[in-house]
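One structure is given below, encoded as structure tokens.
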């Protein structure tokens, strides 16, 4: 290599770096989640297993919780007297509750609820189908989500007062609880295998 | 008879420095190569990650940073400064006009230049990584936290990186000079360092080496850090000058 | 004025004396040939003069200053040997430009003309040059630098005979136009004696002699003929060399301190009176024994 080749490499690399600098500061960005969007507080337990959700589910007060929304709804006409609930897989993997509605309403409604999380809307819904008098529930396929995040460079953290090597993002903040909530007329007899489907019944007031 | 040339140290150092920028440009190229390799490694998965999952979801977060580029640059600074003291490079300083002091000063000038260049480019490399992640990862998958680096942070990072590179280059230069001063130290010096590490492993209070490291990495004020680095570097440079002033050249 | 002065100069490597008690001086604007067998201490002496090595004892002065680690000395001398450290990143034109930046009296034009004459390719890297080309390139630097003290230490390694001749001519031409002090160490004394004014002969770290070339040429005389006759004429002379030819013929080299009539008598007695070349003379003067390699075989 001659000196001029070294010069070209130096100039080329400098150019790439300067372009990086320009792009970084000038290119308009939309990042899906900024730090403000993510609740920075909370412990692992709070985010993953929420006793309050369980309680609200049993009391039929799910809609009153702030961070829960209905993500999916299925409506089936049903006039039968007996309903068999089956799990498509070995067992049904989520919380599932049944609330009795007025007898003779002629419909079954299934609601899927999710707790708010940055990824909640990306999860694939449950699969709920009604054939004859059989309500089939299937676990959704596993949604694999990869986020790309950044740590502050150690040359920054040392002088920014934050301890080095600590991720500012808690992965638990991404956890989303989900549950299935069924409205079934009171006069329909429900048949299910409690080992495969952990059905809970909302307590009557 | 042609009249004798009067010369002064500054003039010779300047000439040697300019010459050195050209004659050692291969070393700067190796810095670029190392930084690019570090960027490749970072993109290829040399990153921190964490996962959480259940039967219906699996979330993984991969954490990118410019630390890989910075670390590779540090190694480069240490090795390059060491190499500069070896006869292959040192003798070039005596091919034309120069003495030991001018050779050392020109080397310091080169290492200072390289440290500043390396500090700036390593930090810009961190931005390059962010850009690559942004454009190849899909904006919906990017967590914005720490993505942005304000101009203030950028300048801090550049200054800190340059200072660290300068510090490591001074350590490399001083060790190289020691080794050239007495070849036995090629074996003795690493043995001493490793020996100290092993000896002190059990006793926190006597960890000289870790204390020395902490002296720099625990300093949270950039100004004080700059002061510490400058003082240390001047000390090491002076040591190197004193050690070389009696050694023979082109021998 | 003396450019170089040495008094009792000694250099030891460990317990070995590379130079021992060396005293001499070199006047300004002379070309001095530094000669001597391998290991005589030529390179050590030159590197001490150039300020690369430090003397162990004695006094050495270059331009009236102590050369070791001396920037003034370095700025006024150029040291060319066959082991020049050159950057691997620069082609020879770039190295030449860099060299030019260091020397106050650098002659760019001369460098370019020599470059063309010896048809060096400016784009080539130094490490890709042949040994002879490297020497040629170094020589160009040595000449173009026009330093008050120009040192060539065995500069012709690998050069063709014709290139060597050109080099000697070039050195002489440039020296005549721009007088300066040149020290030229070489083992090819017969090739360079024409351009030399003085010869400094070293052996085993000591000065053997330091004379103008003209005096060296008449320093000794060789006599060849029947042994008894030769012996008669050389009985009281200082014998530098004695070689046997055939059964009873002999060749003897002695200091030239005969008068003309003595030599005339020798010729009449049937002896050949031969001049002794400076190169041979230097070999005889530095040989450990008077018979040369023959002594190895004639142990009687």
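Chains as they are written, first to last, in our numbering: chain G, -13 to 191; chain X, 205 to 455; chain Y, 2 to 301.
Glycine included, every Cβ here is placed at the ideal spot set by N, Cα and C.
Everything numeric in this text was worked out from a predicted model, so none of it was measured.
Check, Outcome
"Backbone secondary structure at residue 116 (chain Y) - three-state DSSP", "helix"
"Assigned exposure category for residue 261 (chain X) - 16 Cβ within 10 Å defines buried", "buried"
"Proximal residues of chain G, C-beta to C-beta of residue 91 (chain Y) below 7 Å", "-11"
"Proximity test, Cβ basis, 9 Å: residue 292 (chain X) and chain Y", "yes"
"Segments of 3+ residues assigned as beta strand (DSSP E) that fall wholly inside the segment 100 to 174 of chain G", "113 to 117, 120 to 124, 129 to 136 and 164 to 171"
"Simplified DSSP assignment, three categories, for residue -6 (chain G)", "helix"
"Counted within 10 angstroms of its Cβ, other Cβ atoms place residue 277 (chain Y) as buried (16 or more) or exposed", "buried"
"Check whether residue 78 (chain G) and residue 263 (chain X) have beta carbons under 9 Å apart", "no"
"Residue 59 (chain Y) beta carbon less than 9 Å from that of residue 9 (chain Y)", "yes"
"Residue 405 (chain X), DSSP secondary structure in three states", "coil"
"Residues that residue 160 (chain Y) contacts on chain X, provided the C-beta gap is smaller than 9 Å", "Simply none; closest approach about 20 Å."
"Beta-carbon gap between residue 74 (chain G) and residue 123 (chain G) smaller than 9 Å", "yes"
"Contacting positions in the segment 92 to 106 of chain Y - beta carbon closer than 8 Å to chain G", "92 and 95"
"Neighbour flag for residue -6 (chain G) against chain Y, beta carbons, 9 Å", "no"
"Residue environment, residue 95 (chain Y), which counts as buried when at least 16 other CB atoms sit within 10 Å", "buried"
"CA-to-CA distance, residue 21 (chain Y) to residue 214 (chain Y), given in whole angstroms", "24 Å"
"Chain Y contacts from the segment 374 to 387 of chain X (Cβ-Cβ distance under 7 Å)", "none"
"Distance CB(residue 437 (chain X))-CB(residue 389 (chain X)) smaller than 9 Å", "no"
"Residue 21 (chain G) in three-state terms, based on DSSP", "Confidence at residue 21 (chain G) is low in this model, with a pLDDT of 47, below 50, so the placement of that residue is unreliable and no value is reported for it."
"Reference residue 6 (chain Y); option with closest CA among Y:14, Y:115 and Y:47", "Y:47"
"Amino acids of chain X, ordered along the chain, whose beta-carbon sits closer than 8 Å to that of residue 84 (chain G)", "What residue 84 (chain G) touches in chain X: nothing, since even the nearest Cβ is about 21 Å away."
"Unbroken stretches of the alpha helix (DSSP H), 4 residues or longer, contained in the segment 96 to 144 of chain Y", "109 to 118"
"Extent of the continuous beta strand (DSSP E) to which residue 35 (chain Y) belongs", "32 to 36"
"Close Cβ partners of residue 346 (chain X) (< 8 Å) along its chain, the five nearest in sequence each way excluded", "337 and 338"
"Element boundaries [beta strand (DSSP E), containing residue 199 (chain Y)]", "199 to 204"
"Alpha helix (DSSP H) segment containing residue 341 (chain X), residue limits", "304 to 341"
"Residues from the segment 177 to 204 of chain Y in contact with chain X, defined by Cβ distance under 7 Å", "179, 180 and 181"
"Of the residues X:451, X:210 and X:257, the one placed nearest residue 132 (chain G), counting alpha carbons only", "X:257"
"Rounded distance between the beta-carbons of residue 146 (chain Y) and residue 176 (chain Y), thought under 8 Å", "No, residue 176 (chain Y) and residue 146 (chain Y) are not in contact; Cβ-Cβ is about 13 Å, not under 8 Å."
"Euclidean distance between Cα positions of residue 428 (chain X) and residue 141 (chain G)", "14 Å"
"CB of residue 280 (chain Y) within 9 Å of CB of residue 259 (chain Y), strictly", "no"
"Short-range partners of chain X found in the segment 41 to 56 of chain Y, where Cβ spacing is below 9 Å", "48, 51, 52, 53, 54 and 55"
"Alpha-carbon spacing of residue 226 (chain X) relative to residue -10 (chain G), whole angstroms", "10 Å"
"Chain G contact for residue 357 (chain X) (CB, 9 Å cutoff)", "yes"
"Listed by chain order, chain G residues near residue 236 (chain X) by CB distance under 8 Å", "-5, -4 and -1"
"Residue 385 (chain X), enclosing beta strand (DSSP E) - first and last residue", "It is not in any beta strand (DSSP E) - residue 385 (chain X) instead sits in the alpha helix (DSSP H) that spans 355 to 385."
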